[in-house]
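Reviewing the structure listed below.
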Ligand SMILES: Cc1cc2nc3c(=O)[nH]c(=O)nc-3n(C[C@H](O)[C@H](O)[C@H](O)COP(=O)(O)OP(=O)(O)OC[C@H]3O[C@@H](n4cnc5c(N)ncnc54)[C@H](O)[C@@H]3O)c2cc1C
Ligand code: HEM
Ligand code: SF4
Ligand code: F3S
Ligand code: FES
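Chains as they are written, first to last, in my numbering: chain A, 24 to 149; chain B, 269 to 525; chain C, 10 to 166; chain D, -18 to 565.
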């Protein structure tokens, strides 16, 4: 691997990578989401047809992923804002990141059933 | 006179003093490049008998002095004060002279590469000119108006403390070359330039802060920083680089409104 | 010129400087290099940066609220359908909510993507076309979304 | 080969070089050639402070400072020069402050000052607070501030250019300065710089010792180049050994540590300096403290399993004080020894530190070709020069002062000379010597290696020419060096390339070290007395009758090409102070 190794950045760098990736992901989702929602202007059937596909387990799972992305981006975004505007922010950025991750895990666990309940019900019955 | 402290010889002191020269075998894996020989980059392994308490710089010297004289790197002071030998050691920017072998897991091969984002000229030597240009561009010198006082300019201890951290910079470029934003196109001013601007912007004697802020308000200025903290982690002088950058950003905002 | 002006101060200025007539001190800022950006004199990047933080804070409420309603409360995705949308947009409050969310999220995201493009596109032409694509898509989406929210007709057909 | 033309050329961008450049650039077209990026110069390693009788915190005046300097130098100081140094110190510090140097401050906002070895009130009564400082990185701040002001003034730097030769042309029987020859590290190209005035500010030469506080790059290039061109070197036997270097590594722990209250202790925990210097104790002058440490070690009171070091004890000082005043050196102890100075004493030993000798100059910085004649257009300042303000032993904080006072003087004088004089013609084939030096090293197929010879040189210097010297050890050193010089003729380099060939330059630097080490040993052998940094166990007393004079060493080349060293002597300038016994 003559090209050089990957830079071994620490929490700060990886959290930024995740923030950027999630941000871009959300943007593309939003784009598609606006398009599908605009089907309500076409006809209720067209809209309901598309939304029906969202109830498919795979898409539902992706939805859970989207929630994960948004939650991380939002929480980490708040951390970035704290780093920017709170004088002690830069010193506690690492602790804040671990808090973000902690809260994110809790929220994701909390969202597990509500978001996936449809899939769980279809797959395993209720 | 305080009582002698010697009976409570601590473990750390004992360890330091009883360092009978014991060596282990370490492998240095160096990224080599010499355009006079080949356009290709290669990785070369060197096996060395070293005391783990020695510096990475000592290991590089051992290679240069005993194995291959053509291995090229910059160095001078050998104790982290001149900023010559920033390089990427095990994937992270460090000063070779401030990194002891024992602190970077010498059991495994130690990878050594030039710092990232700057043109490599030979082995670990990179082109520092753009880096110093960015530094010069922020006007890193005291700017004052009016007549010089006969004695020193007064400054309170608190005002002096305000910019103490950023006066420590040795311009080693470890920060700038660890910054993911800088790697992309090298146009970003980079943390080192901002640190040195900060040193003057927050000096109570200086009156050129406004101009420096204007320069850093630019497209390639502070706003490109994405708070990745690589710079802060890399700084061998322990400067809170990201904090300094944030302070410059805040100064810009408060002075623009 | 006053009588006190030393004669040699004028005479020597043409060629070399002497110890008693040192070269004039050049006032900073000094000659800039090619790399030095031309002073932009606008605060665009700063406003962009600020907008990211401010919109981010507002979006936390809007987006998380939206997610909560859409995916968690009242049976999650299952409930979503034309009727549900119709129900919500009957109220101007939710219209406004979604409108704000649409605008802020799109502008926030677009500005974010602009920095991403600035970072990674190496050639100026690539950079130009990518941004063109981004801006077109953004304007289109914002426009379409707004249109839909305002012209929504629950009794379509 | 490229030829450049500048009014003034400055060799070296340390404190002295840049201070000169700031002055010279305003007055003439100036180039600064430096083998390191300016901010890499070793001035940046200086920690403790810069002396000036500002009297900001207690009563003080420049006359006391003059006295301390002369006494510290064991009366070998040229007193007229010391007077200038002490007098101009005040402006030198104030100038730096105005350039932006962030000194530590007193509660009322003026520059703070602290105690340092050998600096006293009223001719030795008690320690005085005279050292102006910026934490324990005063040198760093001086170097940065001067570089910043060079950026401001638009000084033209040629970075990573190694000056390897000085060009002197004889005009009407007088040797005059024509320029210098430099090797560009990046390309291997040779550059000739024609200049009306040249200022050498290329720093020290400590790398011929093994345990040293000096950088790898301090190889005495300037001294060696001048010496090889027939100019004398003054007082080279006087080399300062700083008492507190980190054990085995030589990394310096500033005297400021003792200025802040640090104490030296032997293995019994005894504060041994009380025996050797009852008044100044740990703050006696450096030669005194270094000898005391070695005496303790020799008499079996050294610490550690081998009893080869003593302790610098800072444990009784409050951690806040260490953090505020000595952050860097406490960090060194942690990084390099793994020791926490809050709670543990730090193992130290004397470390080779500073060359009192060098290229002889007068107080204008003009280089002397013998005891009185100046070389027109040639200047030197800083550690490379010997004015002599440090005599036989430099006081702590006087060197940062020296580089500012005499760097400034040399810069002004050189620019003035350049304005008033014309270029001297370059000698025919000006780069001849350097080209042959470089080519023969590159092409050599010898089997000797630079590193081995250098190591042997450092070993013999550490064993035979350090703090304690005798006829026998010095003879041994001279012998060893002669042998090493023979081996050096067979040295070869592995890197034959042009680009960044540091292998080649290390070989050239070693040649310089060998020459200078020889001068040191030969000068020391001839000085049969003990004075300041030069201590002869076989002649333990100062001998003012025979040796109150500066050594001047010349390189002589015989008809058959054999080299030898001719020693001559120069009287010491005494104005006000009669030599007295030196007690602390
Ligand atoms: C660790 C340490 C701590 C010290 N602390 C103090 C202190 O507290 N107070 C005090 O007063 N003094 C102190 N000193 C001494 C003082 O710092 C030095 O004597 C002084 O800084 C020397 O400055 P200089 O400008 O002469 O040389 P340097 O700063 O060493 O600069 C030499 C310059 O010459 C250039 N150069 C060298 N050779 C060549 C060549 N062949 N061609 C081109 N350029 C060349 C180099 O690139 C460099 O720029 C300390 C010294 C050390 C080592
Ligand atoms: C939910 C609340 C949100 C918050 C608190 C938030 C916060 C932030 C912040 C503070 C930044 C700036 C990061 C930086 O400058 O380093 C940012 C960047 C970004 N955001 Fe958001 N954001 C949110 C929602 C969104 C949404 C909905 C999208 C998509 C449409 C999005 C896409 C982006 C993108 C693409 C970036 C650029 C990433 C980068 O440059 O590294 N964000 N976000
Ligand atoms: S801020 Fe730190 S890492 Fe960056 S150049 Fe200065 S000393 Fe080096
Ligand atoms: S690494 Fe770069 S992104 Fe900002 S925090 Fe440091 S400058
Ligand atoms: S050699 Fe000076 S910083 Fe490493």
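Yeah, the Cβ is synthetic: ideal placement off N, Cα and C, and Gly gets one too.
Asked	Found
Endpoints, alpha helix (DSSP H) assigned at residue 91 of chain C	91 to 98
Buried/exposed call for residue 133 of chain A, threshold 16 Cβ in 10 Å	exposed
Minimum Cβ-Cβ distance from residue 272 of chain B to chain D less than 8 Å	Because the pLDDT at residue 272 of chain B is just 47, under 50, the model does not fix this residue reliably, and the value given afterwards should be weighed accordingly. Output row for residue 272 of chain B: interface = yes.
Cut-off 8 Å between Cβ atoms - residues of its own chain near residue 239 of chain D, not counting five sequence neighbours on either side	98, 225, 245, 263, 264, 293
Partners in chain B for residue 129 of chain C, counting only beta-carbon separations shorter than 7 Å	452
Whole-angstrom distance between residue 192 of chain D and residue 231 of chain D, CA atom to CA atom	5 Å
Any non-hydrogen atom of ligand 7 within 7 Å of residue 494 of chain B CB	For the structure depicted, ligand 7 is absent and the ligand set comprises only ligand 1, ligand 2, ligand 3, ligand 4 and ligand 5.
Contact between the segment 522 to 539 of chain D and the segment 195 to 212 of chain D (3+ Cβ pairs under 8 Å)	yes
For residue 313 of chain B, the nearest candidate out of B:500, B:319, B:293, B:455 (CA to CA)	B:293
At least 3 beta-carbon pairs within less than 8 Å: the segment 394 to 408 of chain D vs the segment 86 to 106 of chain D	no
Residue 293 of chain D CB to nearest heavy atom of ligand 1 below 7 Å	no
Residue 39 of chain C in three-state terms, based on DSSP	Only weak support exists for where residue 39 of chain C lies, its pLDDT of 33 falling under 50; the value from the coordinates is given anyway. Correct three-state label for residue 39 of chain C: coil.
Touching by the beta-carbon criterion (3+ pairs, under 8 Å), the segment 412 to 420 of chain D and the segment 162 to 169 of chain D	yes
Heavy atom of ligand 3 within 7 Å of residue 19 of chain D beta-carbon	no
Residues passing the C-beta test against ligand 3 heavy atoms, cut-off 7 Å	B:351, B:354, B:436, B:437, B:438, B:439, B:440, B:441, B:442, B:443, B:444, B:459, B:460, B:463, B:499, B:502, B:503, B:504, B:505, B:507, B:509
Interface positions of the segment 100 to 125 of chain C facing chain A (Cβ-Cβ less than 8 Å), listed along the chain	111, 114, 115, 118, 119, 121, 122, 125
Residue of D:74, D:149, D:430, D:255 minimising C-alpha distance to residue 358 of chain D	D:149
Short Cβ contact (8 Å threshold) for residue 2 of chain D with residue 11 of chain D	yes
Distance CB(residue 319 of chain D)-CB(residue 354 of chain B) smaller than 8 Å	no
Beta-carbon proximity list for residue 119 of chain D, same chain, < 7 Å, skipping 5 on both sides	27, 28, 29, 30, 31, 381
Distance between beta carbons of residue 323 of chain B and residue 367 of chain B, contact taken as under 8 Å	6 Å
Backbone secondary structure at residue 341 of chain D - three-state DSSP	strand
For residue 24 of chain D and residue 275 of chain D, the rounded distance between their alpha carbons	27 Å
Start-end ranges of the alpha helix (DSSP H) lying completely within the segment 361 to 405 of chain D, minimum 4 residues	379 to 401
Residue 16 of chain D beta carbon near ligand 1 (any heavy atom closer than 7 Å)	yes
Residue-level contact to chain B via CB, residue 52 of chain C, 8 Å cutoff	yes
Cβ contact check for the segment 213 to 221 of chain D and the segment 365 to 380 of chain D: 3 or more pairs under 8 Å	yes
Beta carbon of residue 109 of chain D nearer than 8 Å to that of residue 55 of chain D	no
Exposure label - residue 240 of chain B; buried when at least 16 CB within 10 Å	The shown model of chain B, from 269 to 525, leaves out residue 240 of chain B, and the question about it has no answer.
Whether residue 454 of chain B touches residue 398 of chain B by CB criterion (8 Å)	yes
Same chain, Cβ closer than 7 Å to residue 131 of chain A, neighbours up to 5 away in sequence not counted	91, 94
Nearest-angstrom Cα separation, counted from residue 440 of chain B out to residue 461 of chain B	11 Å
Range covered by the beta strand (DSSP E) that runs through residue 438 of chain B	Careful: residue 438 of chain B lies outside any beta strand (DSSP E) and carries neither H nor E.
Residue 283 of chain D: CB within 7 Å of a non-hydrogen atom of ligand 2	no
Cutoff 8 Å: residue 523 of chain B Cβ touching any chain A Cβ	no
Where the alpha helix (DSSP H) containing residue 55 of chain C begins and where it ends	53 to 76
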